[in-house]
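Chains U and X, in that order, are what the protein sequence lines are.
Numbering of the first sequence is given in my numbering, commencing with residue -10 and proceeding in unit increments.
Numbering of the second sequence is given in my numbering, commencing with residue -10 and proceeding in unit increments.
Quick reminder that beta carbons are idealized off the backbone N, C-alpha and C, glycines included.
No experiment lies behind these values; they were computed from the predicted model shown.
Number of protein chains: 2
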Amino acid sequence: MMNNQSAIGVFDSGVGGLTVVRALIERLPYENIVYFGDTARVPYGVKSRNTIEQFTEQMVQFLMEQNVKALVIACNTIAAVAGERVRRLAGPLPVFDVISAGADAAIRHSQNGPIGVIATTTTVNSNAYARAIAIRQPNYRVISQACPLLVPLVEEGWLDHEVTRLTLREYLPPLLAERIDTLVLGCTHYPLLKPLIREEIPDIPLVDSALTTAEAVAYELEKRHLLNPTTQTPDYRFFVSDIPLRFRAIGERFLNRPIDQLEMVSLG
Amino acid sequence: MMNNQSAIGVFDSGVGGLTVVRALIERLPYENIVYFGDTARVPYGVKSRNTIEQFTEQMVQFLMEQNVKALVIACNTIAAVAGERVRRLAGPLPVFDVISAGADAAIRHSQNGPIGVIATTTTVNSNAYARAIAIRQPNYRVISQACPLLVPLVEEGWLDHEVTRLTLREYLPPLLAERIDTLVLGCTHYPLLKPLIREEIPDIPLVDSALTTAEAVAYELEKRHLLNPTTQTPDYRFFVSDIPLRFRAIGERFLNRPIDQLEMVSLG
C-alpha cells in the first residue's frame, strides 16, 4: 500500500524528464523516486493525441503498480495532450505537471508584457500554456514559438555551440518582437540551454519548469503530510522501455549524477 | 496470391523512405507501390537492436499480408540492424535495401580513396556500410561519420539554411581529412540536402541510395520477370502507424507529389 515513504513517480517520453528528477532530488533530498522514460517510442512531440494518450496510460499504470504516492508528468507534450487522462487514472493521488508549474511561475515573473513560451511543435500546437495561463490570469497574453531543433541539439551535446546560438537567433526574435517580459522553457530539455539563452537575452527572466515543478511537489506533499519522514539515503530507480546506445551518457548529463539502478521494461 | 501485378512493398521507420518511393516511381512508372512508415515509433536511429527487430517484424508481416511481390527496406537503420531478419521472414520474395544498393554504387564511384559515409548514430555504430563494402571489395577503406542533427534539420525544412551549412561544416571535415573520394548519403533524409552538400564539397561524388535502390529493384524485377506488364495508372497506397500534424506536408516534400491514399494502421 501507498504511504508517505512511498516513492514519487516521475515519467516522460524519454530522458528529458531527468532534469525534473534532478530538481526534485535537490529540493527533496529524502524522497524515493521511481522514473519511467518511454525511450522505445520517444519522441512524443511529433505524434498524434490518440497515440500519446495510449502510451501515457501504459506508463501511469506501470508507476501506479509501484505504489507511488504522487505522479509527476515531467514532459510538456504529455502534460499538454494527456494531462486530463492522467488525472482521471490517478484517482486520489496528487498529480503534478511541468505546464501547470510553469504557468504559475510565469505569472509570478511577468509584469504586464506578454509571456513567451518556447517548446516542441506539439506542445505549441496544443496551446496548453496559453490555456493554463488564461485560466489563472485571463488578461495575460502568451506568445509561443515551436523550436523542433533544440532537443536534438541538446542531445548532441552542443550546449555552447555556434550552431545552437544561430538556431536560437532564428527562434527567439519573433518573441522579442512582441516584447515578451518572461520566457518559459516549455520543454524539459531546455534547462541545459539556459546559459546560452541567458547570453542571447540577458534581460528576460527564464522560467525553468523543472525547478518550479519540484517546488510545487514540495509544497503540496508537505500540505498533505506526504513527505517522507525518514532521513535514510533514498532509493532512485530508473525504468525505460529501451536502452539505446548513448542513453546512460545522455541521461547522466541531464540528471547530473550517475544512474545506478537502470532497468528495461516492455510496455504495450 | 502474389503475381507480377502485385505491388512493391516499401517500408521505413517514418517519412524518409518516401525518397525511395519517389525514385521508384520515376524509375518504374507502371509499378504499384504499398508503403508503410512507422510514424508512431519513429525515429529508430536511437533505439536498440531488439526493439528495432521487433518493430520491423510487424511491418514486414503487414506488407506480406498485402501480397507484395518484393520488399524494399527504405531505411538505413533497419537495413543495418534488421536486414537479416527481414530476409528470413521474406522467404522467396526478393528483398532490397538501401545499404546494399549504396555499397554497390559506392564501389562503382570510388577510385581508391576511402569511401565516406554519413548516417544516423545507430547506422554508423552498426558498421553496416563498412561490412557491406568489405564483402564486395575487402581492400576498400570506409570512414563513417554520425550526423544526428541532419534529420531534424531536413524535417524543419532548413534545406538551404546557414545553420544547416554550419552543421555540415562540423560533420564533413573529419571525412575530408581522410581524403575520401566518394560520399554515401547513408540516410533516406539526406537526398534533400544534396544541393547544399554539393556546394560544400563540389569535387566529391555523392551516392544517393534512393536512386541506387530504385535501380537495383528495376534490374532484379526484370531479371525475375516480375515487372508489371500492364501500363495502367498504378496504385500508390501509404500506410502509417500514426498521422502526426505535419505528416502530409513533410511527406509530400519527400515524395515530391501529393499523397492521396493515406491510411493509419496500429501495429503491435
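Residue 171(X) sits in a strand when the DSSP states are folded into three classes. In summary, the residues of the region 156 to 184 of chain U whose CB is separated from some CB of chain X by less than 8 Å are 156 and 159, in the order they occur in the chain. Around the beta-carbon of residue 21(U), 16 or more other beta-carbon atoms lie within 10 Å, marking it buried. Around residue 71(X), the same chain offers 41, 42 and 45 as residues with beta carbons nearer than 6 Å, after the five sequence neighbours per side are excluded.
Cβ contact annotation for residue 189(U) (same chain, cutoff 8 Å, sequence separation greater than five): 154, 157, 158 and 161, in chain order. Neighbours of residue 8(X) in chain U, taken as residues whose beta carbon is under 9 Å from its own, are absent, since the nearest beta carbon is some 18 Å off. Taking C-beta separations shorter than 6 Å and ignoring five residues to either side along the sequence, residue 77(X) has no partners in its chain. Within chain U, 257 have C-beta atoms less than 9 Å from the C-beta of residue 257(X), given in sequence order. Among the residues of the region 31 to 43 of chain X, those with a Cβ less than 7 Å away from any Cβ of chain U are 35, 36, 37 and 40, in the order of the chain. Between residue 8(X) and residue 177(X), the C-beta spacing is below 7 Å.
In the structure shown, the three-state DSSP call for residue 72(U) is helix.
Beta-bridge analysis with DSSP links residue 252(X) to 228(X). At a beta-carbon threshold of 7 Å, the residues of chain X lying near residue 232(U) are 37, ordered along the chain. At least one CB atom of chain X sits nearer than 7 Å to the CB of residue 145(U). For chain X, none of the residues of the region 78 to 90 of chain U brings a beta carbon within less than 7 Å of one of its beta carbons. Contact annotation: residue 248(U) and residue 227(U) have beta-carbon atoms nearer than 7 Å. For residue 91(X), the enclosing alpha helix (DSSP H) starts and ends at 87 to 98.
One Cα belongs to residue 98(U), the other to residue 194(U), and the distance between them is close to 7 Å. Residue 242(U) and residue 232(U) have their C-alpha atoms spaced approximately 16 Å apart. Within the region 123 to 151 of chain X, 137, 138, 140, 141, 142, 144, 145, 147, 150 and 151 place their CB atoms closer than 9 Å to a CB of chain U, listed in sequence order. Here residue 108(X) is near residue 175(X), since their CB atoms are less than 7 Å apart. When the Cα atoms are used, residue 60(U) and residue 238(X) turn out to be separated by approximately 36 Å. For residue 50(X), the enclosing alpha helix (DSSP H) stretches over residues 38 to 54.
By the neighbour-count criterion, in which 16 or more other beta carbons inside 10 Å mark a residue as buried, residue 1(X) falls on the buried side. Residue 91(U) places its beta carbon 7 Å or farther from that of residue 169(U).
Using a Cβ distance threshold of 7 Å, residue -5(X) and residue 58(X) count as a contacting pair.
Between the C-alpha atoms of residue 198(X) and residue 38(X) there is a straight-line separation of about 22 Å. DSSP places residue 31(U) outside any beta strand (DSSP E), giving it a letter other than H or E. The DSSP assignment places complete alpha helix (DSSP H) segments of no fewer than 4 residues inside the region 178 to 240 of chain U at 183 to 189 and 198 to 212, in order along the chain. In the displayed model, residue 57(U) falls within coil according to three-state DSSP, outside both helix and strand. In this structure, the straight-line span from the alpha carbon of residue 203(X) to that of residue 255(U) is close to 36 Å.
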